[in-house]
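Undergrad: Residue numbers (this note's numbering): 2 to 560. C-beta: ideal position from N, C-alpha, C; glycine also. Computed from a prediction, not measured in an experiment: that's the story for all the values here. Here's a structure for you.
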């Protein structure tokens, strides 16, 4: 047994309101440079929908992820090494720009500099690729809030599959329409197919925390990684000629801060933590013959951090004691392994993804309430799960390779938690039969409720810092991609696509932020000494000087 540590994330989809704050802050922090206009390391998709890029889940077309050969061994779905070598100079099996969208900006210069006239000037959309006028036909969140679902919903690959199996199960009449939001980032897989697809070996998985990164110095722009990634979360920078992807905000993680998307999440739906896994068992788990058994196989990879044998193996593998302690308190391990309410996204791709999701329950509650039922009653909730407005079959295609009973079991646990806590809140005698009906004790059900509903900052984000001997390297750590003038980068164009540059994470920033964001009292506005910006200001107190531009009086008494 070779124990290694992995940073993982869990998202509670019942809490996502689709505000895209995570996408915007990630964009500002990581992809606000020239060449990354269409790049969204974090995006929020509306389901049902085609996703971003369009229909990325159609692996019969895109050939992403792994499959088993006739001997039961893993091989890339895109083909063997010889096949990939023959097509190294032309990789047609990947989305085109139209599947993302042609990035655009507006002709603000005409709008601002137009001479005085009787008509109003118009800022026409301009392509950032050609500089010519363009027509906006597609974007990263084009399916938002069921826009056009009755006409386009059938294009969702999962809807197509479920419809083939049961034609009447999903229809798009107005009264039967369903939706939920699905935030997506790189999965930082245990068995990443992007890394195996890279001819130059530029993609690597960090041994200390499992974060998957692209070495910009070694990347040669072959773009085989884009084909290999089934989630299509690797992008090509057409200005630098390099591949780029989500870094899980590793400069923040190294000093104990959560990712930007988690830090700024309005719904507090993201959890970050450490878990320990057996690296020697990953290939065997990914080679599980039945795709519907891959979820259980991945759960088996997660090791119990309280097991003395695991602790001894972790210490022998060089994992620090504070990391093992963090694994014991990990919310990711608790939601995925202890309570078993978090599920992986598309385990059938065999990449062993490390971003998991708690499936949504809310729509059935809203529907029952509208129909005049007691939506929090246990019997009513349990009986309605099979008739969810969001079909269980659809959720199963997303999270369990089609195994509906696993998703139904998770939804019953969530329903039991809701029903049990409703009685406690109303001052009634706790009903022990409710948690017992889903195989849980009252104590474990309450602990799950506390973690999912009212967990504090340091309970949602359990991130051990890097080793003390590396502290001098972390004082001003940053990635070369943060800056327009960095290696391989180009200056900004005239349209403002690189409107800001993130400041490197510093230890003093981390300490001040932690104090502000974990304290119940309003703190001084100048604690961060000029380092506060729109990404990390928590709203307490007056805005620090420098957060907003100074106001100048304009004539007379006008402010």
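Which of the three DSSP states, helix, strand or coil, is assigned to residue 345?
TA: In the chain shown, residue 345 corresponds to position 344, counting from 1. Residue state, collapsed to three classes: strand.
Undergrad: With distances taken Cα to Cα, identify the nearest neighbour of residue 137 among 299, 19, 130 and 126.
TA: Taking the first residue of the chain shown as position 1, residue 137 is located at position 136. Nearest C-alpha to residue 137: 126.
Undergrad: Count the other CB atoms within 10 Å of the CB of residue 90; is the residue buried (16 or more) or exposed (fewer)?
TA: Within the chain shown, numbered from 1, the residue matching residue 90 stands at position 89. When all chains shown are included, residue 90 counts as exposed.
Undergrad: For residue 16, which three-state DSSP category applies?
TA: To locate residue 16, count along the chain shown from 1; it is residue 15. Residue 16 falls in the helix class under three-state DSSP.
Undergrad: Measure the CB-CB distance between residue 272 and residue 344 and report whether it falls below 8 angstroms.
TA: Translated into positions along the chain shown, residue 272 becomes position 271. Translated into positions along the chain shown, residue 344 becomes position 343. No, these two residues do not count as a Cβ contact at 8 angstroms.
Undergrad: Note down the Cα distance separating residue 258 from residue 332, rounded to an integer number of angstroms.
TA: Mapped onto the chain shown, residue 258 falls at position 257. Mapped onto the chain shown, residue 332 falls at position 331. If you take the alpha carbons of residue 258 and residue 332, they lie about 15 angstroms apart.
Undergrad: Kindly list the residues whose CB is nearer than 7 angstroms to the CB of residue 94, restricted to its own chain and excluding five residues on each side of it in sequence; keep chain order.
TA: In the chain shown, the residue the question calls residue 94 occupies position 93. For residue 94, where only same-chain residues beyond five positions count, the Cβ hits under 7 angstroms are 63, 64, 79 and 228.
Undergrad: Does DSSP put residue 121 in a helix, a strand or coil?
TA: On the chain shown, position 120 is the one that residue 121 refers to. Three-state result, residue 121: coil.
Undergrad: Taking the alpha carbon of residue 438 as the point to measure from, which residue in 346, 414, 185 and 250 has its own alpha carbon closest?
TA: Start at 1 with the first residue of the chain shown, and residue 438 comes out as number 437. For residue 438, the nearest C-alpha among the options comes from 414.
Undergrad: Residue 353 and residue 285 look like a contact to me (Cβ under 8 angstroms); what is the Cβ gap, rounded to whole Å?
TA: For the purposes of this step, residue 353 is taken as residue 352 along the chain shown, with counting starting at 1. For the purposes of this step, residue 285 is taken as residue 284 along the chain shown, with counting starting at 1. Going by Cβ atoms, the distance from residue 353 to residue 285 rounds to 11 angstroms, so no, they are not a contact pair.
Undergrad: Measure the alpha-carbon distance for residue 404 versus residue 123 and round it to whole angstroms.
TA: Working through the chain shown from its first residue, we reach residue 404 at position 403. Working through the chain shown from its first residue, we reach residue 123 at position 122. Near 52 angstroms, if we compare the C-alpha coordinates of residue 123 and residue 404.
Undergrad: When you compare only the Cα positions, how much space is there between residue 243 and residue 23?
TA: Here the question's residue 243 lines up with position 242 in the chain shown. Here the question's residue 23 lines up with position 22 in the chain shown. Between residue 243 and residue 23, the C-alpha separation is close to 24 angstroms.
Undergrad: Which residues share a DSSP beta bridge with residue 231?
TA: Residue mapping note: residue 231 aligns to position 230 of the chain shown, counting from 1. Answer is none; residue 231 lacks a bridge partner.
Undergrad: Threshold first: 4 residues or longer. Then list the alpha helix (DSSP H) segments lying entirely within the segment 388 to 471, N to C.
TA: The qualifying runs are 393 to 400, 405 to 426, 434 to 438, 443 to 454 and 458 to 461.
Undergrad: Residues in the same chain with beta-carbon distance under 7 angstroms from residue 425, minus the five sequence neighbours each way, listed in chain order, please.
TA: Taking the chain shown and counting its residues from 1, the one referred to as residue 425 is at position 424. If we look at residue 425 and ignore the five residues flanking it on each side, its Cβ neighbours are 431.
Undergrad: Give, in chain order, every unbroken run of the alpha helix (DSSP H) that is at least 4 residues long and sits entirely within the segment 192 to 223.
TA: Qualifying alpha helix (DSSP H) stretches, in chain order: 194 to 198.
Undergrad: Determine the closest residue to residue 208 out of 412, 11 and 319, with distance taken between C-alpha atoms.
TA: Here residue 208 refers to the residue found at position 207 when the chain shown is read from its first residue. Residue 208 has its Cα closest to that of 319, out of 412, 11 and 319.
Undergrad: What is the rounded straight-line gap between the Cα of residue 357 and the Cα of residue 329?
TA: Position 356 of the chain shown, counted from the start, is the residue given in the question as residue 357. Position 328 of the chain shown, counted from the start, is the residue given in the question as residue 329. Rounded to the nearest angstrom, the two C-alpha atoms are 18 angstroms apart.
Undergrad: Residues in its own chain within less than 8 angstroms of residue 316 by CB, not counting five upstream and five downstream?
TA: Here residue 316 is taken as the residue at index 315 of the chain shown, counted from 1. If we look at residue 316 and ignore the five residues flanking it on each side, its Cβ neighbours are 322 and 325.
Undergrad: Rounded to whole angstroms, what is the Cα-Cα separation between residue 199 and residue 288?
TA: Start at 1 with the first residue of the chain shown, and residue 199 comes out as number 198. Start at 1 with the first residue of the chain shown, and residue 288 comes out as number 287. Straight-line Cα distance between these residues: approximately 21 angstroms.
Undergrad: Return yes when the Cβ of residue 201 is within less than 8 angstroms of the Cβ of residue 219, no when it is not.
TA: As a first step, residue 219 must be located in the chain shown, where it is residue number 218. As a first step, residue 201 must be located in the chain shown, where it is residue number 200. Contact flag set, yes.
Undergrad: Taking the alpha carbon of residue 298 as the point to measure from, which residue in 395, 401 and 361 has its own alpha carbon closest?
TA: The residue you call residue 298 lines up with position 297 of the chain shown. Looking at the Cα atoms, 401 is the closest of the given residues.
Undergrad: Considering only the alpha carbon of each residue, which of 181, 109 and 5 lies closest to residue 399?
TA: In the chain shown, residue 399 corresponds to position 398, counting from 1. Taking only the C-alpha atoms, the option nearest residue 399 is 181.
Undergrad: Tell me whether the segment 11 to 18 and the segment 253 to 268 touch, counting them as touching only if at least three CB pairs, one residue from each stretch, are closer than 8 angstroms.
TA: The segment 11 to 18 vs the segment 253 to 268: in contact.
Undergrad: I need the DSSP call for residue 286, collapsed to helix, strand or coil.
TA: By 1-based counting over the chain shown, the position of residue 286 is 285. The answer is helix: DSSP assigns residue 286 an H, G or I state.
Undergrad: Check the C-beta distance from residue 5 over to residue 280 and give it rounded, since I have them as a contact under 8 angstroms.
TA: Here the question's residue 5 lines up with position 4 in the chain shown. Here the question's residue 280 lines up with position 279 in the chain shown. Indeed, because the Cβ distance is near 5 angstroms, the residues count as touching under 8 angstroms.
Undergrad: Provide the residue span of the beta strand (DSSP E) that contains residue 252, from first to last.
TA: The residue labelled residue 252 in the question sits at position 251 within the chain shown. Taken as a continuous stretch (DSSP letters only), residue 252 belongs to no beta strand (DSSP E), being part of the alpha helix (DSSP H) at 251 to 254.
Undergrad: Report all residues from its chain with a CB closer than 6 angstroms to the CB of residue 104; omit the five preceding and five following residues, and keep chain order.
TA: If you number the chain shown from 1, residue 104 lands on position 103. Same-chain partners within the cutoff: 38, 39 and 129.
Undergrad: Please look up how many angstroms separate the CB atoms of residue 55 and residue 100, rounded, as I've assumed it's under 8 angstroms.
TA: Within the chain shown, the letter at position 54 stands for residue 55. Within the chain shown, the letter at position 99 stands for residue 100. The pair is a contact, with the Cβ atoms about 5 angstroms apart (cut-off 8 angstroms).
Undergrad: Please report the straight-line C-alpha distance between residue 237 and residue 222, rounded to a whole angstrom.
TA: Locating residue 237 in the chain shown gives position 236, where the first residue counts as 1. Locating residue 222 in the chain shown gives position 221, where the first residue counts as 1. Spanning the two alpha carbons is a distance of roughly 8 angstroms.
Undergrad: Residue 185 by DSSP, collapsed to three states: which one?
TA: As a working note, residue 185 is residue 184 in the chain shown. Residue 185 falls in the strand class under three-state DSSP.
Undergrad: For residue 99, name the three-state secondary structure that DSSP assigns.
TA: Indexing the chain shown from 1 puts residue 99 at position 98. In this structure, residue 99 counts as helix in the three-state DSSP scheme.
Undergrad: Exposed or buried, which one is residue 241 when buried takes at least 16 other CB atoms within 10 Å?
TA: If you number the chain shown from 1, residue 241 lands on position 240. Buried, since its Cβ has 16 or more Cβ neighbours within 10 Å.
Undergrad: Name the two residues that bound the continuous beta strand (DSSP E) containing residue 329.
TA: Position 328 of the chain shown holds residue 329. That residue, residue 329, is in no beta strand (DSSP E); its alpha helix (DSSP H) goes 322 to 329.
Undergrad: Going by DSSP, what residues sit across from residue 128 in a beta bridge?
TA: By 1-based counting over the chain shown, the position of residue 128 is 127. In DSSP, residue 128 forms a bridge with 105.
Undergrad: So residue 52 and residue 46 are supposed to be a Cβ contact under 8 angstroms. How far apart are they, rounded?
TA: Translated into the one-based positions of the chain shown, residue 52 becomes position 51. Translated into the one-based positions of the chain shown, residue 46 becomes position 45. Correct: roughly 5 angstroms between the Cβ atoms.
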